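Worksheet for the structure shown next.
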Amino acid sequence: MPAQAGSRGSGGCRVKVSSIGYVCRDGIRNIWRNKMMSVASISTVAISLFLLGFVWLFITNVDHMVTSVESELEINAYIETSYTRDQGAELSEQISRLPGVATTSFVTKEEALIILNGRFGADANLSDTVGVYNPLPDLIKVKATDPDLVPGLAMRLENTAGIEMVRYGKGMVERLLQTADWVRRAGLLGLLGISVAAIFLISTSIRLTVYSRREEITIMRLVGATNWYIRWPFLVEGLFIGVFGSVMACGILYYGYLGLAKYLTENLYFIPLLSDMEILINMGLNILAYGGLLGLIGSFLSVIRYLRV
Amino acid sequence: MIQFFNVSKIYAGEVKVTALKDVTMNIDKGEFVFLVGPSGAGKSTLTKLIIREEVASSGQVMAEGKNLARMKQWEIPFYRRNIGFVFQDFRLLMTRTVYENVAFAAEAVELTRSQIRQRLPMILEMMGLETKKNAYPHQLSGGQQQRLGIARAMVNNPTMIIADEPTGNLDPETSAEIMQIFQAINRRGTTVLIATHDKAMVDKLRKRVVQLREGFVVRDEKNGGYSPVVWDDRDGSHAGASREPRIGGMQSES
Numbered sequence: 055m056p057a058q059a060g061s062r063g064s065g066g067c068r069v070k071v072s073s074i075g076y077v078c079r080d081g082i083r084n085i086w087r088n089k090m091m092s093v094a095s096i097s098t099v100a101i102s103l104f105l106l107g108f109v110w111l112f113i114t115n116v117d118h119m120v121t122s123v124e125s126e127l128e129i130n131a132y133i134e135t136s137y138t139r140d141q142g143a144e145l146s147e148q149i150s151r152l153p154g155v156a157t158t159s160f161v162t163k164e165e166a167l168i169i170l171n172g173r174f175g176a177d178a179n180l181s182d183t184v185g186v187y188n189p190l191p192d193l194i195k196v197k198a199t200d201p202d203l204v205p206g207l208a209m210r211l212e213n214t215a216g217i218e219m220v221r222y223g224k225g226m227v228e229r230l231l232q233t234a235d236w237v238r239r240a241g242l243l244g245l246l247g248i249s250v251a252a253i254f255l256i257s258t259s260i261r262l263t264v265y266s267r268r269e270e271i272t273i274m275r276l277v278g279a280t281n282w283y284i285r286w287p288f289l290v291e292g293l294f295i296g297v298f299g300s301v302m303a304c305g306i307l308y309y310g311y312l313g314l315a316k317y318l319t320e321n322l323y324f325i326p327l328l329s330d331m332e333i334l335i336n337m338g339l340n341i342l343a344y345g346g347l348l349g350l351i352g353s354f355l356s357v358i359r360y361l362r363v
Numbered sequence: 066m067i068q069f070f071n072v073s074k075i076y077a078g079e080v081k082v083t084a085l086k087d088v089t090m091n092i093d094k095g096e097f098v099f100l101v102g103p104s105g106a107g108k109s110t111l112t113k114l115i116i117r118e119e120v121a122s123s124g125q126v127m128a129e130g131k132n133l134a135r136m137k138q139w140e141i142p143f144y145r146r147n148i149g150f151v152f153q154d155f156r157l158l159m160t161r162t163v164y165e166n167v168a169f170a171a172e173a174v175e176l177t178r179s180q181i182r183q184r185l186p187m188i189l190e191m192m193g194l195e196t197k198k199n200a201y202p203h204q205l206s207g208g209q210q211q212r213l214g215i216a217r218a219m220v221n222n223p224t225m226i227i228a229d230e231p232t233g234n235l236d237p238e239t240s241a242e243i244m245q246i247f248q249a250i251n252r253r254g255t256t257v258l259i260a261t262h263d264k265a266m267v268d269k270l271r272k273r274v275v276q277l278r279e280g281f282v283v284r285d286e287k288n289g290g291y292s293p294v295v296w297d298d299r300d301g302s303h304a305g306a307s308r309e310p311r312i313g314g315m316q317s318e319s
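First to last, the protein sequences are chains A and B. First residue of the first sequence? That's 55 in my numbering, and the numbers climb one at a time after it. First residue of the second sequence? That's 66 in my numbering, and the numbers climb one at a time after it.
Dropping the structure here:
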């Protein structure tokens with residue numbers, strides 16, 4: 055049949071409400087008709103959306119970590135051992151008046167040992183190990199009003215008389231942000247590639263259905279089915295492939311993530327994974343929308359190319 | 066109802082094929098018309114122009130006073146709902162039952178469920194298929210399959226039925242039965258246009274005959290026979306020798 059190009063008329067893309075049932079039924083029937091191809095398309099969509107979800111969760115967590123690290127970011131200024139307690143306390147007092155300093159707290163070496171002991175867990179007893187000699191210096195914990203001021207402040211403290219050494223989470227935030235950025239780039243690039251593959255597979259899958267239904271399409275055209283009545287089942291087929299793929303990806307991500315979060319809280323408590331439902335639901339909805347979009351794009355490409363009605 | 070004014074149709078391709086040349090004719094509402102002529106004479110092109118699957122290269126095809134060439138794309142499906150099309154090879158959906166085949170067409174023109182439930186049994190009964198509604202096409206005889214094809218064409222209650230060689234795959238007896246159905250449909254006021262090679266049928270029914278040859282209408286005869294021969298009476302018996310043909314020495318072929 056010679057194609058009549060540009061068949062988009064003012065009839066719009068509507069079908070009668072009473073026909074929505076037929077259209078959806080035909081769409082699902084189409085998926086069933088090419089089981090193997092549908093499974094391939096659905097899996098590809100699932101993989102690409104799994105990647106999207108993975109990147110999403112990773113970045114959300116890194117962002118969260120950066121924020122919490124930043125809020126805890128403080129400078130440890132170790133006091134020269136020649137200083138007495140009173141001199142140390144005096145120094146702490148002076149530092150607290152510097153611009154950019156929020157609070158200071160003076161930690162004696164005995165307190166520092168207890169804190170350190172606590173970090174190693176209840177089993178360890180450092181006091182016993184080190185005996186009466188405590189090698190730790192007294193220190194001043196300095197909190198800045200703004201994380202950005204930390205490097206400058208640290209430099210200043212280093213040059214202050216009475217401070218032997220300054221330590222802070224130098225580069226940690228930067229490293230976290232860099233990692234997040236890298237994952238974001240690599241993930242999005244991968245996502246783009248797999249999305250293209252998913253669209254291609256969906257479009258091929260729809261093309262096969264168009265081919266296997268060509269007899270029906272001929273009949274529909276001759277009895278006077280509107281273009282959109284003929285097209286919609288194929289778009290619905292694509293949409294469903296996308297949605298099935300998303301649901302699969304969501305399932306894997308949901309159980310995978312919760313499993314990981316549980317494992318980390320039990321074994322690596324210092325990596326706090328976000329586990330509130332809001333993030334997961336938000337991600338799920340986005341994945342669902344993206345999956346549906348992939349399906350529609352894939353089927354639309356086939357419908358306009360191979361279904362000139 | 067359908068009017069052709071100096072219609073020519075040229076298929077442009079590597080080789081230009083002129084399928085219809087300067088055709089002017091009129092099909093009135095309620096008519097029964099046979100379209101005859103050898104393969105390649107332009108019969109199919111003529112039917113395709115009527116259902117607006119093709120557009121005339123020159124001249125005008127009018128339906129109910131509307132120029133089909135100016136019809137907008139989105140209007141075409143709604144126009145086609147007035148025309149039922151019957152194929153030589155039936156074009157049934159083999160994986161669907163008799164009922165589903167007809168329902169498929171009904172759904173395609175977006176009839177509601179209640180309309181379908183109401184109309185289908187009626188049509189199947191009219192075509193004598195009510196007892197076969199759950200059978201699959203391959204379980205039907207050729208005649209039954211074509212009746213199913215007609216049932217499908219009738220589902221939207223069209224004002225015109227176009228059949229392309231509807232008896233081409235059927236034996237004479239079954240063909241006669243199919244022709245009776247077309248006559249019955251015609252008696253209800255539906256216009257019927259049948260493109261055919263079935264000489265016996267055309268000669269027997271004595272309906273209007275439009276004969277095409279190489280794209281030209283070479284004969285348009287009321288109560289005509291398949292070939293331009295002289296008949297001495299109306300009972301269908303052949304007088305014998307062909308006398309003066311109206312236009313040229315037409316060869317019948319079948």
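We treat Cβ as the ideally placed atom computed from N, Cα and C, and that holds for glycine. Everything numeric in this text was worked out from a predicted model, so none of it was measured.
Quick one, are the C-beta atoms of residue i and residue j less than 8 Å apart?
{"i": "V161/A", "j": "D192/A", "result": "yes"}
{"i": "A228/B", "j": "I273/A", "result": "no"}
{"i": "V151/B", "j": "F69/B", "result": "no"}
{"i": "S95/A", "j": "I295/A", "result": "yes"}
{"i": "L127/A", "j": "Y222/A", "result": "yes"}
{"i": "V88/B", "j": "V257/B", "result": "no"}
{"i": "L158/B", "j": "E270/A", "result": "yes"}
{"i": "S257/A", "j": "G346/A", "result": "no"}
{"i": "M266/B", "j": "S292/B", "result": "no"}
{"i": "M225/B", "j": "I148/B", "result": "yes"}
{"i": "S159/A", "j": "K195/A", "result": "yes"}
{"i": "T114/A", "j": "I358/A", "result": "no"}
With burial defined as no fewer than 16 other Cβ atoms inside 10 Å of the residue's Cβ, what is the status of residue i: buried or exposed?
{"i": "Y132/A", "result": "buried"}
{"i": "N222/B", "result": "exposed"}
{"i": "F143/B", "result": "exposed"}
{"i": "H262/B", "result": "buried"}
{"i": "A234/A", "result": "buried"}
{"i": "A198/A", "result": "buried"}
{"i": "I74/A", "result": "exposed"}
{"i": "R182/B", "result": "exposed"}
{"i": "T157/A", "result": "exposed"}
{"i": "D268/B", "result": "buried"}
{"i": "G254/B", "result": "exposed"}
{"i": "S122/A", "result": "exposed"}
{"i": "K197/B", "result": "buried"}
{"i": "W110/A", "result": "buried"}
{"i": "E238/B", "result": "exposed"}
{"i": "D80/A", "result": "buried"}
Please compile the residues from chain B whose C-beta is within a distance smaller than 8 Å of the C-beta of residue i.
{"i": "I273/A", "result": "R156, L158, F169, A170, A173, R217"}
{"i": "S72/A", "result": "E175, T177, R178"}
{"i": "E270/A", "result": "L158, F169"}
{"i": "Y265/A", "result": "Ordered by position in chain B, no residue passes the 8 Å Cβ test against Y265/A, which lies about 15 Å from the chain."}
Can you name the residues of chain A whose CB is closer than 8 Å to the CB of residue i?
{"i": "F150/B", "result": "L276, V277"}
{"i": "I116/B", "result": "L276"}
{"i": "R146/B", "result": "V277, G278"}
Just the chain B side, please: which residues come within less than 9 Å of residue i by C-beta, in chain order?
{"i": "V69/A", "result": "E175"}
So which residues of chain A does residue i contact, with C-beta pairs closer than 7 Å?
{"i": "F143/B", "result": "G278"}
{"i": "N222/B", "result": "Under the 7 Å cutoff, chain A gives no residues; its nearest Cβ is about 12 Å from N222/B."}
List the residues of chain B whose Cβ lies closer than 7 Å to the Cβ of residue i, in chain order.
{"i": "Y76/A", "result": "E172"}
{"i": "Y283/A", "result": "A173, E175"}
Look up residue i in the DSSP assignment and give the residues it is bridged to.
{"i": "F354/A", "result": "Answer by DSSP bridge pairing: none, since F354/A is not bridged."}
{"i": "S123/B", "result": "S73/B"}
{"i": "F150/B", "result": "I227/B"}
{"i": "N132/B", "result": "M127/B"}
{"i": "N91/B", "result": "Q68/B"}
{"i": "Y132/A", "result": "L193/A, M219/A"}
{"i": "S159/A", "result": "K195/A"}
Beta-carbon of residue i versus every beta-carbon of chain D: anything under 8 Å?
{"i": "G81/A", "result": "Chain labels in this structure do not include chain D; the protein chains are A and B."}
Problem - Validate contact between the stretch 99 to 107 of chain A and the stretch 238 to 250 of chain A using beta carbons, cut 8 Å, 3 pairs - result: yes
Practice task
Determine contact between the stretch 295 to 308 of chain A and the stretch 338 to 351 of chain A, defined as no fewer than three beta-carbon pairs at a distance below 8 Å.
Solution key: yes
Exercise for the section: Decide yes or no for the touch test of the stretch 228 to 238 of chain B against the stretch 258 to 276 of chain B: beta carbon pairs closer than 8 Å, at least 3 of them. Expected result: yes
Problem - Inter-stretch contact (C-beta, 8 Å, three-pair minimum) for the stretch 276 to 291 of chain A and the stretch 76 to 92 of chain B - result: no
Exercise for the section: Indicate whether the contact test is met: 3 or more Cβ pairs, each with one atom in the stretch 196 to 216 of chain B and one in the stretch 163 to 181 of chain B, closer than 8 Å. Expected result: yes
Exercise for the section: Mind the definition here: the stretch 84 to 93 of chain A touches the stretch 258 to 276 of chain A only if three or more C-beta pairs lie below 8 Å; say whether that holds. Expected result: yes
Practice task
Decide yes or no for the touch test of the stretch 113 to 131 of chain B against the stretch 171 to 186 of chain B: beta carbon pairs closer than 8 Å, at least 3 of them.
Solution key: no
Exercise for the section: Examine the Cβ distances between the stretch 88 to 108 of chain B and the stretch 272 to 286 of chain B and report whether three or more of them are shorter than 8 Å. Expected result: yes
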